[in-house]
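Peer 1: According to UniProt numbering, the sequence shown is numbered sequentially starting from 1.
Each residue gets a CB set at the ideal place from its N, CA and C atoms; glycine is no exception.
Before I ask anything, here is the structure I am working with.
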Amino acid sequence: MPRTVITFGTFDVFHVGHLRVIERAAALGDRLVVGVSADALNLRKKGREPVFSQDERLAIVAALKPVSAVFVEESLEQKRDYILEHGADVLVMGDDWAGRFDEFEDVCEVVYLPRTPAISTTALIEKIAGSV
Ligand code: C2G
């Protein structure tokens with residue numbers, strides 16, 4: 001049986017920190033499925049629209065070599081359903097979420113990976129805004 005890894009994220013203004021977490025997640029199994037958070041979920045969660053639309057963010061993540069499949073993450077509360085639906089053996093998240101998804105240890109392994117230091121979508125937006 002192939003080992004399926006699942007991870008979630010907004011992946012807005014895609015950067016190398018996103019790439020590294022996806023590469024490391026994929027290395028933990030045979031296939032990687034990525035839930036890309038919906039525009040509406042971001043608005044609820046962060047109070048602003050992402051720079052790139054969900055269709056654009058999905059297209060970027062789907063085109064990455066380590067990614068086998070993508071889907072839209074409509075709500076944070078559906079995580080258990082997504083894990084079961086996609087037959088995930090491992091849930092991977094960056095360690096900014098450490099401990100937050102331990103409740104799913106009854107259905108899969110839960111792994112938190114260290115974030116890539118010194119890069120974030122927010123910092124990039126501020127840097128770009130400050131240079132124009
Ligand atoms: N990440 C990272 N290093 C960075 C920036 C981000 O490893 N410098 C990781 C995050 O830890 C996360 C993934 O990249 O695992 C996606 O990050 P975001 O796009 O910020 O996603 P987030 O808003 O955390 O959405 O269900 C959970 C949410 O959908 C996660």
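Looking only at DSSP bridge pairs, what is A69 linked to?
Peer 2: V33
Peer 1: Going by beta-carbon coordinates alone, are V90 and V36 separated by less than 7 angstroms?
Peer 2: no
Peer 1: Is G17 near ligand 1, going by C-beta to nearest heavy atom under 6 angstroms?
Peer 2: yes
Peer 1: Whose C-alpha, out of G17, F101, R20, T10, is nearest the C-alpha of D39?
Peer 2: Put simply, of G17, F101, R20, T10 the residue whose alpha carbon is nearest the alpha carbon of D39 is T10.
Peer 1: Could you name each continuous alpha helix (DSSP H) segment of 4 residues or more that falls completely within the UniProt domain "Cytidyltransferase-like" (6–126), going from the start of the chain to the end?
Peer 2: 16–26, 39–46, 54–62, 79–85
Peer 1: Go ahead and label I128 buried or exposed: buried means 16 or more other beta carbons lie within 10 angstroms of its beta carbon, across all protein chains shown.
Peer 2: By the neighbour-count rule (16 or more Cβ atoms within 10 Å), I128 is not buried but exposed.
Peer 1: Under the criterion of a Cβ to heavy atom distance below 6 angstroms, does T122 qualify as lining ligand 3?
Peer 2: Of the ligands this structure carries, namely ligand 1, none is ligand 3.
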